[in-house]
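Everything below concerns the one structure shown next.
Chains as they are written, first to last, in the working numbering: chain A, -8 to 115; chain B, 2 to 113.
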């Protein structure tokens, strides 16, 4: 059974950092792209970042709203994806989801499995 | 960025009746490989999003065959042949042709 479990969320003050983890099982992690999405309270879905499979390669990509502050990485040996979030702002408050997907040379799509989400609240 | 526009934003449906959601993109989603990079997701109350359709018309695994996707280039449609009570939720289209991936605003399907 495919499983994705996010962790690392919580309450943090503006300007501080947080690292989210997405621990996976049930599939060959190294073959898939991993993405992070977020959903602010009562709002729609927003893509945050993706990292292609190590085999496919290519640069990581970020939404303009987080570029320069967030960093995505992956540990294929332990099947975990990370999202390092620095210089957090109140507008980063959201439920954060990880998902596995497929990539072309220009973007990623077909996110067939998602985690349950981890809540990040940025507030003083 | 590619802008995705869905309609309607609210869709009340009687169980057993069909339903249709439209999604338009501000740029073509047709790749030179012949595929349209358009996904459909549903987010049921209190749950994570679930993939329904990818590449515009390919139903994802374990998705009931009452769901179907169609369309090409900039105009896409998600059809539900006979709505069931369990189908309530918010439906999103998403383009995956060009980074950043972008979503439509969401269509809230409500059961009458």
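For each residue, glycine too, the CB sits at the ideal point set by N, CA and C.
Exercise. Per DSSP, residue 37 of chain B is paired with what?
Worked result: Beta-bridge pairing links residue 37 of chain B to B/31.
For this session: Go to residue 22 of chain A, then tell me how far its beta strand (DSSP E) extends in each direction, as first and last residue.
Result: Here residue 22 of chain A belongs to no beta strand (DSSP E), and DSSP marks it neither H nor E.
Exercise. Hey, out of A/39, A/34 and A/5, whose CA is closest to residue 89 of chain A's CA?
Worked result: Of all alpha-carbon atoms in A/39, A/34 and A/5, the one lying nearest the alpha-carbon of residue 89 of chain A is that of A/39.
Exercise. Below 9 Å between beta carbons: does that hold for residue 61 of chain A and residue 102 of chain B?
Worked result: No, the pair does not count as a contact, with Cβ atoms beyond the cut-off.
Problem set entry | Contacts around residue 75 of chain B, its chain only, beta-carbon distance under 8 Å, and the 5 residues preceding and following it disregarded | Hits under 8 Å: 25, 26, 27, 28, 29 and 30.
Problem set entry | Same chain, Cβ closer than 7 Å to residue 61 of chain B, neighbours up to 5 away in sequence not counted | Excluding sequence neighbours, residue 61 of chain B sits near 52, 53, 54 and 55.
Exercise. Which runs of the alpha helix (DSSP H) spanning at least 4 residues fall entirely within the region 13 to 59 of chain A, listed in chain order?
Worked result: As far as the region 13 to 59 of chain A is concerned, it has no whole alpha helix (DSSP H) run of at least 4 residues.
Problem set entry | Candidates A/4, A/110, A/44 and A/48, of which the one nearest residue 70 of chain A by Cα | When only C-alpha atoms are compared, the closest one is A/44.
Exercise. Since residue 49 of chain B contacts residue 108 of chain A with CB under 8 Å, what's their CB separation in whole angstroms?
Worked result: Right, their Cβ atoms sit about 6 Å apart.
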